[in-house]
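Engineer:
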Amino acid sequence: MTHDLSPVGRVLRSSTTEFVVGCQDLARVPTFGSFVKVKAHDGIWVYGAAYNVLIDDDPFVRQIIGNPHIPREVAQDQKENRQTPIEVKVLVLGYARDGLIYQYLPPQPPATLSDVYPCTASEVTAFTGQLGYLRTILFTPQIPADELLAANVREAYLRRSGDREYLVEAGREAARLLKDEYDRLKAILSRIRP
Amino acid sequence: MTLELGVLNQQVQTMARSLAGQREEYGQRLERLQAVFRSRAADLEGLQDLAISARGTGWQGAIPTEPLDATHPLPPCPEAMVISAADGSQIEVDRHGMAMYYLINLGSIVYRHGSGAAPTARSEPTLFYREDELYEDGRLVQGNRLDSKRSVMELAKLANLVSPDTAEPSLALVDGSLLLWVLEESRPEVREELVGRYLRQLDRLAEARVPVAGYVSRPRHHDVVSLLELAELAERGPGATAQERRLPFPPDRALFEHLLPGERTGLFIASTQTNDMYGHHRVHFFYLNTGAEIARVEIPQWVAQDQGLTDDVHAGIFEQCRAAGYPYVLARAHELAVVAGADRDEFERMVMAALLGQGLGVSPSMKAWLKELTGGRRSRRR
Numbered sequence: 001m002t003h004d005l006s007p008v009g010r011v012l013r014s015s016t017t018e019f020v021v022g023c024q025d026l027a028r029v030p031t032f033g034s035f036v037k038v039k040a041h042d043g044i045w046v047y048g049a050a051y052n053v054l055i056d057d058d059p060f061v062r063q064i065i066g067n068p069h070i071p072r073e074v075a076q077d078q079k080e081n082r083q084t085p086i087e088v089k090v091l092v093l094g095y096a097r098d099g100l101i102y103q104y105l106p107p108q109p110p111a112t113l114s115d116v117y118p119c120t121a122s123e124v125t126a127f128t129g130q131l132g133y134l135r136t137i138l139f140t141p142q143i144p145a146d147e148l149l150a151a152n153v154r155e156a157y158l159r160r161s162g163d164r165e166y167l168v169e170a171g172r173e174a175a176r177l178l179k180d181e182y183d184r185l186k187a188i189l190s191r192i193r194p
Numbered sequence: 195m196t197l198e199l200g201v202l203n204q205q206v207q208t209m210a211r212s213l214a215g216q217r218e219e220y221g222q223r224l225e226r227l228q229a230v231f232r233s234r235a236a237d238l239e240g241l242q243d244l245a246i247s248a249r250g251t252g253w254q255g256a257i258p259t260e261p262l263d264a265t266h267p268l269p270p271c272p273e274a275m276v277i278s279a280a281d282g283s284q285i286e287v288d289r290h291g292m293a294m295y296y297l298i299n300l301g302s303i304v305y306r307h308g309s310g311a312a313p314t315a316r317s318e319p320t321l322f323y324r325e326d327e328l329y330e331d332g333r334l335v336q337g338n339r340l341d342s343k344r345s346v347m348e349l350a351k352l353a354n355l356v357s358p359d360t361a362e363p364s365l366a367l368v369d370g371s372l373l374l375w376v377l378e379e380s381r382p383e384v385r386e387e388l389v390g391r392y393l394r395q396l397d398r399l400a401e402a403r404v405p406v407a408g409y410v411s412r413p414r415h416h417d418v419v420s421l422l423e424l425a426e427l428a429e430r431g432p433g434a435t436a437q438e439r440r441l442p443f444p445p446d447r448a449l450f451e452h453l454l455p456g457e458r459t460g461l462f463i464a465s466t467q468t469n470d471m472y473g474h475h476r477v478h479f480f481y482l483n484t485g486a487e488i489a490r491v492e493i494p495q496w497v498a499q500d501q502g503l504t505d506d507v508h509a510g511i512f513e514q515c516r517a518a519g520y521p522y523v524l525a526r527a528h529e530l531a532v533v534a535g536a537d538r539d540e541f542e543r544m545v546m547a548a549l550l551g552q553g554l555g556v557s558p559s560m561k562a563w564l565k566e567l568t569g570g571r572r573s574r575r576r
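One line per chain: the protein sequences are A and B, in this order. Just so you know, our numbering puts the end of the first sequence at 194, numbered straight through with nothing missing. Just so you know, our numbering puts the end of the second sequence at 576, numbered straight through with nothing missing.
#1: Less than 8 Å between the CB atoms is what I'm expecting for residue 506(B) and residue 272(B), so what's the real figure, rounded?
#2: In whole angstroms, give me the CA-to-CA distance for residue 13(A) and residue 58(A).
#3: Quick one: grab the DSSP three-state call for residue 89(A).
#4: Considering Cα atoms alone, identify which of 190(A), 98(A), 89(A) and 25(A) is closest to residue 76(A).
#5: Determine, using beta carbons only, whether residue 56(A) comes closer than 7 Å to chain B.
#6: Taking the DSSP output, what are the residues bridged to residue 18(A)?
#7: Helix, strand or coil: which one does DSSP assign to residue 316(B)?
#8: Contact check, residue 339(B) vs residue 330(B) under 8 Å by CB: the rounded distance?
#9: Return the CA-CA distance between residue 237(A) and residue 87(A), expressed in angstroms with no decimal places.
#10: Leaving aside the five residues before and after residue 363(B) along the sequence, list all residues of the same chain whose C-beta is less than 6 Å from its C-beta, in chain order.
#11: Can you pull the chain B neighbours of residue 65(A), defined as C-beta to C-beta under 7 Å?
#12: Measuring straight from C-alpha to C-alpha, what distance separates residue 542(B) and residue 499(B)?
#13: List, in order along the chain, the chain B residues whose C-beta lies closer than 7 Å to that of residue 85(A)?
#14: Which residue or residues does DSSP assign as beta-bridge partners of residue 36(A)?
#15: Does the beta-carbon of residue 82(A) have 16 or more other beta-carbons within 10 angstroms, so that it is buried, or is it exposed?
#16: Give me the residue from 460(B), 446(B) and 231(B) with the minimum Cα distance to residue 265(B).
#17: Going by beta-carbon coordinates alone, are residue 89(A) and residue 52(A) separated by less than 7 Å?
#18: Residues of chain A with a CB under 9 Å from the CB of residue 522(B): which are they?
#19: In this structure, how does DSSP classify residue 58(A) when only helix, strand and coil are distinguished?
#20: Which two residues bound the contiguous beta strand (DSSP E) that contains residue 282(B)?
#21: Starting from the beta carbon of residue 518(B), find every residue of chain A whose beta carbon is closer than 7 Å, and list them in chain order.
#22: Does residue 315(B) have its Cβ less than 7 Å from a Cβ in chain A?
#23: So residue 345(B) is in the beta strand (DSSP E); what residue range does that whole segment cover?
#24: Would a check of beta-carbon distances place residue 543(B) closer than 7 Å to chain A?
#25: Can you give me the C-alpha to C-alpha distance between residue 519(B) and residue 417(B), rounded to a whole angstrom?
#26: Looking only at its own chain, which residues have a Cβ that is under 8 Å from the Cβ of residue 234(B), when we skip the five neighbours before and after it?
#27: Quick one: residues in its chain with C-beta nearer than 6 Å to the C-beta of residue 306(B), no 5 flanking neighbours on either side, listed in chain order?
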């Protein structure tokens, strides 16, 4: 598999269900809900959706934060050459091997320091050809699941060049998964309306 | 717990009382020094003669090149300026470790003032393990020797960072003094060799006309104070001996509290044995109110003799202190150089894995092993 884009960061720590990417440059941080991929063992590409970005402070930033005269170069330095990496949490949604998509958890998590890439439009299209992964998002505890699902569906819709059919199918799948939770469903549907 | 805090408490209390007792004496002494400062402020030639004749007797202190109370206001900072800094940290040889090696990690930064762009920042580790790297002149490279090796590498890095075609004013900064601490080396030819390596890098910066400066935060130097002591002694006539010898000297910065933010003192020459070896790099210094503290700035003679370059150092350092009260490039270079505990552990595991991979035994010494079992982590110098 080739990738048209340069890495957004590297794996800081990982588990079977999620991993954390360390990024240096805020401008290149994956946006909320967007698809990323990382190579694991045996030619597997693990796919996931970015769901939380943490910009941690460090003692140096604390010291200069209250200064009214921070030079532009200093502010730019702290944005682009961060000493403390920006942490992006990624929910694992499935994996690809030999061109086939599997929408369940991979056999092994990616190793630390592995390069993490944004998914290309064709990869997003291939991965979202099935909608089983929406269940993973909706029923993962302790994440902003509804917001993530909506953001992720909007992202896929755009990457699929405004594929209305996909959007309708994703809405139907959400309705099936949330058949007993009308309020949650309503909130999600209102967020993915084009 | 092996530290007997109950026993120690008594000693701590005694120390605190003793320090409190000295404070009054210290205040009186400072007042006296300030009086000498005022009375001799204009007597440049007299002080110079005094210092130069005392040099022969091994006296170390400041030789003034301007009246003592001379001050220079902050010159305007050039709109564009390339400011670079380098700093290093080291992991010393651990004789009880798995293998004999040491590491120097250099942090460096090139900051383009006025550009609005992010600086270029870099960390570059180098591992030294060959016989000729571990031993110089039959002695293990550690402590003072390693410090001076690191200082040479910092300057070499700065010289490498200089782009010869730049038309903009520039400034290169190192943390601490420009005077290498080599007096622990007993043999003069070894001292000369160590200083020589340092001076060759200063030569490169001089050729590029890039002013280099050493920035000393919270300086404890007492060169000007030593000069005032000398002057006072001379006033009291022959046969007088220095009083209150048991007290430490007040630092020079206590004499320059009157500087306004941005103002600096006149230039002084550091009269030390090491500085005599520096030739046209002979170290001059001034004190500067950075807005946050009275800092000491050291520059080589070829910078001191060029008003434009000295102004660039003065204005550049003050500008750099605006963000954090300390030159930003030095703070970042330090941050880029420091090897944190977790990185160090990871590095040691890497060494162990590589040695095992080559079929080499990796047992630490019996002593290191016992320490690991009986105590916390070994404490090591940075």
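All residues carry an ideal CB built from backbone N, CA and C; glycine is no exception.
Structural biologist: Inspection of the coordinates gives the following:
#1: Contact between residue 506(B) and residue 272(B) holds: CB atoms are separated by about 7 Å, below the 8 Å threshold.
#2: Roughly 20 Å separates the two Cα atoms.
#3: In the structure shown, residue 89(A) sits in a strand (DSSP, three-state: E or B).
#4: Considering only 190(A), 98(A), 89(A) and 25(A), the residue with the shortest C-alpha distance to residue 76(A) is 25(A).
#5: Chain B contact via Cβ: absent.
#6: In the DSSP output, where bridge partners are listed per residue, residue 18(A) has 91(A).
#7: Strand, per DSSP.
#8: 7 Å between Cβ atoms; contact.
#9: The first residue shown for chain A is 1 and the last is 194, placing residue 237(A) beyond what the model contains.
#10: Setting aside the 5 residues that flank it on each side, residue 363(B) is surrounded in the same chain by 272, 275 and 506, each with a C-beta closer than 6 Å to its C-beta; the list follows chain order.
#11: Going along chain B, no residue has its Cβ under 7 Å from residue 65(A), so there is no contact; the nearest lies around 10 Å.
#12: Their backbone Cα atoms lie some 48 Å apart in a straight line.
#13: Simply none; closest approach about 13 Å.
#14: DSSP output for residue 36(A) lists 48(A) and 118(A) as bridge partner(s).
#15: With 16 or more Cβ atoms within 10 Å of its Cβ, residue 82(A) is classed as buried.
#16: The shortest C-alpha separation from residue 265(B) is found at 460(B).
#17: Going by C-beta atoms, residue 89(A) is nearer than 7 Å to residue 52(A).
#18: Within 9 Å Cβ-Cβ: 64, 71, 73, 74 and 77.
#19: Residue 58(A): coil per DSSP, three-state reduction.
#20: Taken as a continuous stretch (DSSP letters only), the beta strand (DSSP E) holding residue 282(B) covers 275-285.
#21: Ordered by position in chain A, the residues that pass the 7 Å Cβ test against residue 518(B) are 63 and 64.
#22: Closer than 7 Å to the CB of residue 315(B) there is at least one CB belonging to chain A.
#23: Counting along the chain, residue 345(B) falls outside any beta strand (DSSP E), though it belongs to the alpha helix (DSSP H) covering 338-355.
#24: No, residue 543(B) does not count as interfacial toward chain A.
#25: One C-alpha to the other measures close to 24 Å.
#26: Within the same chain, 240, 241, 262, 422 and 425 come within 8 Å of residue 234(B) by CB-CB distance, once the 5 residues on both sides are set aside.
#27: Taking C-beta separations shorter than 6 Å and ignoring five residues to either side along the sequence, the partners of residue 306(B) in its chain run 276, following chain order.
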